[in-house]
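Protein chains in written order, with my numbering: chain A, -13 to 258; chain B, 126 to 420.
Note that beta-carbon positions come from the ideal geometry of N, C-alpha and C, so glycine has one too.
Keep in mind that this is a model prediction, so the values were computed, not measured.
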């Protein structure tokens, strides 16, 4: 009984993705026929090839491989950047006593309350003034301040016994030596868990790349879907769109499935 | 708990926080300040002249019935998404919690939609509900329901709610299952021995004990529906038809970037900022209270 209900739930939740796979494996004619096929066709590799080699106008004119590369670079830069600057600031806040410590802490905290959606125009202007439109820097740096990552590392560091620090000091280790030789190895699970979450966060960015990329060579795959759907005249090429959608969701889904435990840890620890 | 021992250095801690603080100042504080400043200005569409008008943008917004329509639409949208995704997740979590074999497999199968970008989720649903060739449209058609979200505002709203809910179920499910598994088994066994059936055990023990998590999720879901669903709406309906799915974030975006009403858009952003501050305060109040419980 329980199993039955869960399986029904699973099927309902998986249904959209099943349809995506089906659409991505048929040709353009079959996809637009009613009734829609319920089983995958045999056009997978043909569509895959068409998608990667598409420079035709009908499909938007942006190579998918390039968009995926842009997405990958953006996701990696956001995840790495957030982790690096948050590790450093959490280290400073936990292990040093200095003037304005609390002030800095609160300033980082406030960024939680300013999602990009509420400061779209002025942030865009800042990036434009700095000449960072259509660059990887512009895509990533405005997003890499992270209150949640800083808090999470702060919690991790606070749970490390003080004796370690004392021992390191007696052995003559300076702060940066302590950071690299002791703190980093101890925090590696937290770092990995956070990396999984942030990679997904970075890969799935939409509004920000939409605003600051005007050159097609900087488009990301998630944005690419939108421009494929907008293909002006006539019906969109659904079989190619769905194939692209599949490519756009594959990397983060694979990350979640392969690193499930890290993912769950990252999700539950950053949110609380 | 704070550290009793610290490193001593006059400059190192500042250097360590510098990157984070720099990014915060340049890309968060300054733009937020600009946004507030701009909300007191009226600029003509070509940028030739700017006038400082105090609260005129706000009074204009707050007397505009269209703006209030958007506010209510946003609330309706957000609470529908929160309510639906929480209920479905609760149902699934309740059953997964009861079974022993295969729970891990089900968890795996239920959590991956979290990784799908909102825009992609939107694209999948818009394809299935496509008025001419969508598979679900064809099904509805056979019941005599001619679905067309491009013309019918109610159907457009339903579609964006479905897409946004679909994506959020995994997240809620994960937290609810964790909350349920934290309940001591002895409590549930004791109730079972006293003759309480599964439904009654759920209502009188499990449900009250997961309420704190439920409340936390409610706040998170509302924030999600307010801001992160931008992609879904942008790709599914573009705010239409006739603004039937235009939520606050979408309005701030389209008034600013497309309508070029910079002052009005900035005023909307500022109001949204106040909203986020309130929600964050509620969320942290709650987290603090929870910490008090456990200690």
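CA-to-CA distance, residue 318(B) to residue 224(B), given in whole angstroms: 19 angstroms
Buried or exposed: residue 163(A), going by 16 or more other Cβ atoms within 10 Å of its Cβ? exposed
For a test of the three-state rule: what should DSSP assign to residue 257(B), helix, strand or coil? Residue 257(B): coil per DSSP, three-state reduction.
Please tell me whether residue 146(A) and residue 172(A) are closer than 8 angstroms, where the distance is taken between their beta carbons. In this structure, residue 172(A) lies closer than 8 angstroms to residue 146(A) by Cβ.
Between residue 121(A) and chain B, is any beta-carbon pair separated by less than 8 angstroms? no
Using a C-beta cutoff of 8 angstroms, does residue 224(A) count as contacting chain B? yes
Proximal residues, the region 180 to 194 of chain A versus chain B, C-beta separation under 9 angstroms: 186, 189, 190, 191, 192 and 193
Beta-carbon proximity of residue 0(A) to residue 248(B), cut-off 8 angstroms: no
Between the region 236 to 260 of chain B and chain A, which residues of the former have a C-beta closer than 9 angstroms to a C-beta of the latter? 236, 237, 238, 239, 240, 241, 242, 243, 244, 245, 246, 247, 248, 249, 250, 251, 252, 253, 255, 257, 258, 259 and 260
First through last residue of the alpha helix (DSSP H) which encompasses residue 216(A): Premise fails: residue 216(A) is in no alpha helix (DSSP H) and is neither H nor E.
Assigned secondary structure, residue 314(B) (DSSP; H/G/I helix, E/B strand, else coil): For residue 314(B), the secondary structure class from DSSP, reduced to helix, strand or coil, is helix.
Spatial distance of residue 140(A) from residue 89(A) (CA atoms): 16 angstroms
For residue 153(A), which residues in chain B fall below 7 angstroms Cβ to Cβ? Those within 7 angstroms of residue 153(A) in chain B number zero; the least Cβ separation is about 11 angstroms.
Only counting the same chain, and skipping five residues up and downstream in sequence, which positions put a Cβ closer than 6 angstroms to that of residue 182(B)? Around residue 182(B): 164, 388, 389 and 392.
When you measure from the CB of residue 398(B) to every non-hydrogen atom of the ligand ATP, does any distance come out below 7 angstroms? Absence of the ligand ATP from the depicted structure is noted, as is the absence of any ligand whatsoever, leaving it without description.
What residues of chain B sit near residue 242(A), judged by a beta carbon separation below 7 angstroms? 236, 237, 239 and 240
For residue 398(B), would you say it is in contact with chain A, using Cβ-to-Cβ distances shorter than 8 angstroms as the test? yes
Residue 114(A) at chain B interface by Cβ criterion, 8 angstroms: no
Beta-carbon within less than 8 angstroms of residue 186(B)'s beta-carbon, same chain only, minus the 5 sequence neighbours each way: which residues are those? 192, 389, 392, 393 and 396
Pick out whichever of 62(A), 99(A) and 117(A) has its Cα sitting closest to the Cα of residue 183(A). 62(A)
Could you tell me whether any Cβ in chain B is nearer than 8 angstroms to the Cβ of residue 117(A)? no
Roughly how many angstroms separate the alpha carbons of residue 228(A) and residue -11(A), rounded to a whole number? 31 angstroms
Just list the alpha helix (DSSP H) runs in the region 185 to 235 of chain A, keeping only unbroken ones of 4 residues or longer that don't cross its boundaries, in chain order. 193 to 198 and 207 to 215
Please confirm whether residue 196(B) has its beta-carbon closer than 8 angstroms to some beta-carbon of chain A. It does not; no Cβ of chain A falls within 8 angstroms.
Within this structure, are the beta carbons of residue 497(B) and residue 295(B) separated by less than 8 angstroms? Here chain B covers residues 126 to 420 and nothing more, so residue 497(B) does not appear.
Cα-Cα separation between residue 136(A) and residue 120(A), rounded to whole angstroms: 28 angstroms
Taking only runs of the alpha helix (DSSP H) that begin and end inside the region 174 to 253 of chain B, which ones reach a length of at least 4 residues, in chain order? 181 to 187, 190 to 223, 228 to 236 and 243 to 253
Sheet register partners of residue 168(B) (DSSP bridge): 175(B), per the DSSP bridge assignment.
Pick helix, strand or coil for residue 143(A), following the three-state DSSP scheme. DSSP places residue 143(A) within a helical segment (H, G or I) once states are collapsed to three.
Could you pull out every residue in the same chain whose Cβ sits closer than 6 angstroms to the Cβ of residue 209(B), ignoring the five residues on either side in sequence? 290
I need the DSSP call for residue 82(A), collapsed to helix, strand or coil. strand
Residue from 192(A), 179(A) and 6(A) with nearest C-alpha to residue 245(A): 179(A)
Could you tell me whether any Cβ in chain B is nearer than 8 angstroms to the Cβ of residue -11(A)? yes
Grab me the residues of residue 259(B)'s own chain with a C-beta within less than 7 angstroms of its C-beta, minus the 5 sequence neighbours each way, in chain order. 252 and 253
Does the pairing of the region 47 to 57 of chain A with the region 191 to 207 of chain A give three or more beta-carbon distances under 8 angstroms? Output reads yes: the region 191 to 207 of chain A touches the region 47 to 57 of chain A.
Determine contact between the region 87 to 102 of chain A and the region 151 to 169 of chain A, defined as no fewer than three beta-carbon pairs at a distance below 8 angstroms. no
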